[in-house]
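Trainee: Take a look at the following structure, please.
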Amino acid sequence: MRRAFLFLILAVSLALVGCSGKSQPTPFVERAMWYWHTPFNLDKQAAGALTDMHVTRLFVRTGTLSTDGQDITVTVPQRFETAAPCPVHLVFNADSGVLKHFDEAVKNGLSQKLLKFYAAAKAAASKAGLKVRGLQVDFDVPTRLLDKYALVMRELRVGLPNNEELSLTGLPTYLATEGFKEVVDQVDFFAPQFYEGSIGTDLAHLRSISAKESIDRGIELAERFQKPYYLGLPAYGQALIFDEKGKIAGAYRKLSPVDALRHPSFTFKSFALSEGEEILQLVANQNGVNGKGKGYTLVYRRVTPLLVAQMQSDAVHHRSTYCRGLAWFRVAEKGECLAMNLTTLRAALDGREPQLDLDLKSSEEVEPFAKIEGGGALGSRVSFSLYSRGEAETAIQPSALTLTVRFPEGTLDSVEPGEFANVQPFYDDPKSSGQVSLARSNGVQFNLPYLGPGQKVSTGALRFRGPVRLSVHWSAATPQKRVEGDKLEIKTGESTKTP
1033 MRRAFLFLIL AVSLALVGCS GKSQPTPFVE RAMWYWHTPF NLDKQAAGAL TDMHVTRLFV
1093 RTGTLSTDGQ DITVTVPQRF ETAAPCPVHL VFNADSGVLK HFDEAVKNGL SQKLLKFYAA
1153 AKAAASKAGL KVRGLQVDFD VPTRLLDKYA LVMRELRVGL PNNEELSLTG LPTYLATEGF
1213 KEVVDQVDFF APQFYEGSIG TDLAHLRSIS AKESIDRGIE LAERFQKPYY LGLPAYGQAL
1273 IFDEKGKIAG AYRKLSPVDA LRHPSFTFKS FALSEGEEIL QLVANQNGVN GKGKGYTLVY
1333 RRVTPLLVAQ MQSDAVHHRS TYCRGLAWFR VAEKGECLAM NLTTLRAALD GREPQLDLDL
1393 KSSEEVEPFA KIEGGGALGS RVSFSLYSRG EAETAIQPSA LTLTVRFPEG TLDSVEPGEF
1453 ANVQPFYDDP KSSGQVSLAR SNGVQFNLPY LGPGQKVSTG ALRFRGPVRL SVHWSAATPQ
1513 KRVEGDKLEI KTGESTKTP
């Protein structure tokens, strides 16, 4: 009830400031997003979602600067494959080598080389049909080097054409540092990022991705610089790994949470909600190829739509003179589940609680060989599919989506999971029957760890001997609740009875 009330309050507040339609943004809050993966490719659905969300600019990661103290190079360069429905800013970040050798890099012409990299990337982006509005710098330099950072930004400003914008991201700690003013003075706008300020040191002290509690104070500090800015806010997730003693071992970049849940090397530990974020934990049940890893814990955290709505509401409430709008990190890659699906994000930003809406369909094929082998009724192969036509994502957990097929009478000869993670036979109750053989079962449950808007999942074939009455229904978990779907009652083999 409280969740629905919050979305209602947000929707009303958007309307009061001039929102004339469910998809219209507040007139004074611009929406921007970071695009962080390679290649840059927006399909029709993603481009349409950005348009519907009224995103006015994209900050596109274009390359990572790297150095060993001598030469400065670009790693993981962006490949521009499509246009975008709005202007873009090309973002260059820096690896640990640049930060370690920052003094040397500045002396070795960091700014001039960056201008050269930017010009080449701009030409490639323009060729792909993108409208490039400017350069954004994402260097998380230590505060003691902010004077050198200011020098780099000053040289970049001189080297950029006057009609192109220069901007930079900023750590929240910069806002309370006087040296940051000299840096900000060189740019057209900046984007302080209120997320991942700390990841925690052990499992007992996990830190949230968002810094929601710092938004009002952050706005107050950002206003001191009297420079336009965007509030950087999270709409994504992170993956961390902890050793067998529960101490942080670093970021984890190998398996997605869905793949980890399917992997035999990991065992599901827990799912919980904390501070508006999903927390999924899995434990490694065996060592890796290096002989280590057993007992390590994978932790996946993901921002929920409710938290997104709360952060936007807080930002709108505390917004002051120089805040242009909100910049969300990040556009999800196609098929991924850690970053928030754009359809889900749009609903949350528009003040609607995203709703699950799954379309259940069945199909049947006659199996004449069953009659020949069994000497009785013709057999049938039945399969089912679920298409997500709503705005909500499911949570990420072993049985986030279940499809239960009951057959009180009849014989199931075989069943395949299809695109589901697994299928479990049961007798009477899938939650309490334990392990049951297929021959003794009167139902099966298909399980899937995640389904997003616009995605479809299909079962494998269920092979029945003779006509069978089936009762089918789905159940799905969102981060905050479980949704029960309508039942589908069908009878197989009605047109294939033996004479």
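Counting in this note's numbering, the sequence shown runs from 1033 upward without gaps. Think of the CB as a built atom: it goes at the ideal place given N, C-alpha and C, for glycine as much as any other residue.
Span of the beta strand (DSSP E) holding S1420?
Mentor: For this step, residue 1420 is matched to residue 388 along the sequence shown. S1420 -> beta strand (DSSP E) spans G1411 to S1420.
Trainee: Under 8 Å, with one C-beta from each stretch per pair, do the region 1068–1084 and the region 1141–1154 reach the 3-pair mark?
Mentor: Cβ pair count under 8 Å is below three, so no.
Trainee: Under 8 Å by Cβ, that's how I've got L1392 and F1416 pegged, so tell me the actual separation to the nearest angstrom.
Mentor: The residue labelled residue 1392 in the question sits at position 360 within the sequence shown. The residue labelled residue 1416 in the question sits at position 384 within the sequence shown. Right, the Cβ-Cβ distance comes to about 7 Å (below 8 Å), so this counts as a contact.
Trainee: CB-CB under 6 Å to P1119, same chain, minus the five flanking residues each way: which ones, in chain order?
Mentor: Indexing the sequence shown from 1 puts residue 1119 at position 87. Excluding sequence neighbours, P1119 sits near R1089, K1163 and R1165.
Trainee: In the structure shown, what three-state DSSP assignment does K1132 receive?
Mentor: As a working mapping, residue 1132 is identified with position 100 in the sequence shown. Note: K1132 maps to helix in three-state DSSP.
Trainee: Below 9 Å between beta carbons: does that hold for V1335 and G1232?
Mentor: As a position in the sequence shown, residue 1335 is number 303, starting the count at 1. As a position in the sequence shown, residue 1232 is number 200, starting the count at 1. The answer is no: Cβ separation not under 9 Å.
Trainee: Tell me which residues share the same chain as T1096 and place their Cβ nearer than 8 Å to its Cβ, disregarding the 5 neighbours each side in the sequence.
Mentor: On the sequence shown, position 64 is the one that residue 1096 refers to. V1106, T1107, V1108, F1124, N1125, A1126 and D1127, listed in sequence order.
Trainee: Verify whether the separation of the beta carbon atoms of Q1342 and G1308 is less than 9 Å.
Mentor: Position 310 of the sequence shown holds residue 1342. Position 276 of the sequence shown holds residue 1308. In contact: Q1342 and G1308 (Cβ atoms closer than 9 Å).
Trainee: According to the neighbour-count rule (16 or more other Cβ atoms, all chains shown, within 10 Å of its Cβ), is H1121 buried or exposed?
Mentor: Position 89 of the sequence shown holds residue 1121. By the neighbour-count rule (16 or more Cβ atoms within 10 Å), H1121 is buried.
Trainee: Out of D1389, Y1261, R1239 and D1234, state which residue places its alpha-carbon closest to the alpha-carbon of V1219.
Mentor: What you label residue 1219 is simply residue 187 of the sequence shown in a count that begins at 1. If we check each option's Cα against that of V1219, Y1261 comes out closest.
Trainee: Could you tell me the distance, in whole angstroms, from the CA atom of F1478 to the CA atom of A1243?
Mentor: By 1-based counting over the sequence shown, the position of residue 1478 is 446. By 1-based counting over the sequence shown, the position of residue 1243 is 211. For F1478 and A1243, the distance between alpha carbons rounds to 38 Å.
Trainee: Are at least three pairs of beta-carbons, each pair with one atom in the region 1246–1253 and one in the region 1200–1213, less than 8 Å apart?
Mentor: Judged by Cβ distances under 8 Å, the region 1246–1253 makes contact with the region 1200–1213, as three or more pairs qualify.
Trainee: Going by C-alpha to C-alpha distance, which of K1523, W1506 and Y1419 sits closest to G1442?
Mentor: By one-based count along the sequence shown, residue 1442 stands at place 410. Comparing Cα-Cα distances from G1442 to each of K1523, W1506 and Y1419, the minimum goes to K1523.
Trainee: May I have the straight-line CA-CA distance separating K1054 from L1374, to the nearest angstrom?
Mentor: Here residue 1054 refers to the residue found at position 22 of the sequence shown. Here residue 1374 refers to the residue found at position 342 of the sequence shown. Only weak support exists for where K1054 lies, its pLDDT of 38 falling under 50; the value from the coordinates is given anyway. Approximately 16 Å, taken between the alpha carbons.
Trainee: Hey, which unbroken runs of the beta strand (DSSP E) at 3 residues or more fall wholly within the region 1448–1509?
Mentor: List check, beta strand (DSSP E) in window: 1454–1458, 1475–1480, 1488–1490, 1494–1497 and 1501–1509.
Trainee: Please classify Q1467 as buried or exposed, where buried requires at least 16 other C-beta atoms within 10 Å of its C-beta.
Mentor: Locating residue 1467 in the sequence shown gives position 435, where the first residue counts as 1. By the neighbour-count rule (16 or more Cβ atoms within 10 Å), Q1467 is not buried but exposed.
Trainee: Per DSSP, what kind of secondary structure is F1112 in: helix, strand or coil?
Mentor: Counting from 1 along the sequence shown, the entry for residue 1112 is found at position 80. Strand, per DSSP.
Trainee: Roughly how many angstroms separate the alpha carbons of L1192 and L1198, rounded to a whole number?
Mentor: On the sequence shown, position 160 is the one that residue 1192 refers to. On the sequence shown, position 166 is the one that residue 1198 refers to. C-alpha separation (whole angstroms): 8 Å.
Trainee: Within this structure, are the beta carbons of Q1225 and F1361 separated by less than 9 Å?
Mentor: Here residue 1225 refers to the residue found at position 193 when the sequence shown is read from its first residue. Here residue 1361 refers to the residue found at position 329 when the sequence shown is read from its first residue. Contact: yes.
Trainee: Candidates P1511, R1472, E1451 and P1440: which alpha carbon is nearest L1502's?
Mentor: Walking along the sequence shown from the start, residue 1502 turns up at place 470. Residue P1440 is the option with its Cα nearest to L1502.
Trainee: Which of the three DSSP states, helix, strand or coil, is assigned to S1395?
Mentor: Looking up residue 1395 in the sequence shown gives position 363. S1395: strand per DSSP, three-state reduction.
Trainee: Throw me the rounded Cβ distance for the R1378 and M1085 pair, which I believe falls under 8 Å.
Mentor: Walking along the sequence shown from the start, residue 1378 turns up at place 346. Walking along the sequence shown from the start, residue 1085 turns up at place 53. Confirmed, Cβ separation roughly 5 Å.
Trainee: What does a CB cutoff of less than 7 Å around G1101 pick up in its chain, not counting 5 residues either side in sequence?
Mentor: Mapped onto the sequence shown, residue 1101 falls at position 69. Closer than 7 Å at Cβ, skipping near neighbours: H1133 and E1136.
Trainee: From which residue to which residue does the alpha helix (DSSP H) around Y1150 run?
Mentor: Residue mapping note: residue 1150 aligns to position 118 of the sequence shown, counting from 1. L1142 to K1159 is the span of the alpha helix (DSSP H), which, as asked, contains Y1150.
Trainee: Shortest alpha-carbon distance to E1228 belongs to which of F1221, F1222, D1234 and R1239?
Mentor: Residue 1228 sits at position 196 when you count from the first residue of the sequence shown. Out of F1221, F1222, D1234 and R1239, R1239 has the C-alpha closest to the C-alpha of E1228.
Trainee: N1073: which of A1453, Y1482 and R1093 sits nearest, CA to CA?
Mentor: Within the sequence shown, the letter at position 41 stands for residue 1073. Among A1453, Y1482 and R1093, the Cα nearest to that of N1073 is on R1093.
Trainee: Are the beta-carbon atoms of V1321 and F1298 separated by less than 9 Å?
Mentor: Here residue 1321 is taken as the residue at index 289 of the sequence shown, counted from 1. Here residue 1298 is taken as the residue at index 266 of the sequence shown, counted from 1. Result no, Cβ atoms of V1321 and F1298 do not sit closer than 9 Å.
Trainee: Could you pull out every unbroken alpha helix (DSSP H) segment of at least 4 residues lying fully inside the region 1311–1377, listed in chain order?
Mentor: Whole alpha helix (DSSP H) segments, 4+ residues: 1337–1350.
Trainee: Near Q1387, what residues of its chain come up, given a Cβ to Cβ distance below 7 Å and the 5 sequence neighbours on each side ignored?
Mentor: If you number the sequence shown from 1, residue 1387 lands on position 355. Closer than 7 Å at the Cβ level, and outside the excluded window around Q1387, lie G1422, E1423 and A1424.
Trainee: Which value, in whole angstroms, describes the spacing of the CA atoms of L1433 and D1460?
Mentor: Taking the first residue of the sequence shown as 1, we reach residue 1433 at position 401. Taking the first residue of the sequence shown as 1, we reach residue 1460 at position 428. Answer to the nearest angstrom: the Cα atoms are 19 Å apart.
Trainee: Measuring CB to CB, does V1450 end up less than 9 Å from A1493?
Mentor: Locating residue 1450 in the sequence shown gives position 418, where the first residue counts as 1. Locating residue 1493 in the sequence shown gives position 461, where the first residue counts as 1. The question names Val, but residue 1450 in the sequence shown is Gly. For G1450 and A1493, yes; Cβs fall inside 9 Å.
Trainee: Whole angstroms are fine: how far does the CA of R1063 sit from the CA of P1057?
Mentor: Mapped onto the sequence shown, residue 1057 falls at position 25. Mapped onto the sequence shown, residue 1063 falls at position 31. Summary for P1057: the model assigns pLDDT 39, below 50, so the residue's position carries little reliability, and this model does not support an answer.
Trainee: Classify T1376: buried if its beta carbon has 16 or more other beta carbons within 10 angstroms, exposed otherwise.
Mentor: The residue given as residue 1376 occupies position 344 in the sequence shown. Buried, because 16 or more other Cβ atoms sit within 10 Å of the Cβ of T1376.
Trainee: Taking the DSSP output, what are the residues bridged to V1173?
Mentor: Here residue 1173 refers to the residue found at position 141 when the sequence shown is read from its first residue. According to DSSP, which records beta bridges pairwise, V1173 is partnered with nothing at all.
Trainee: Looking at G1453: is its Cβ nearer than 9 Å to the Cβ of A1509?
Mentor: Position 421 of the sequence shown, counting from 1, holds the residue named residue 1453. Position 477 of the sequence shown, counting from 1, holds the residue named residue 1509. Per the sequence shown, the amino acid found at residue 1453 is Ala instead of Gly. Taking 9 Å as the Cβ cut-off, A1453 and A1509 do not qualify as a contacting pair.
Trainee: Determine the direct distance from the alpha carbon of A1116 to that of T1436, and round the result to whole angstroms.
Mentor: Locating residue 1436 in the sequence shown gives position 404, counting from the first residue. Locating residue 1116 in the sequence shown gives position 84, counting from the first residue. For T1436 and A1116, the distance between alpha carbons rounds to 42 Å.
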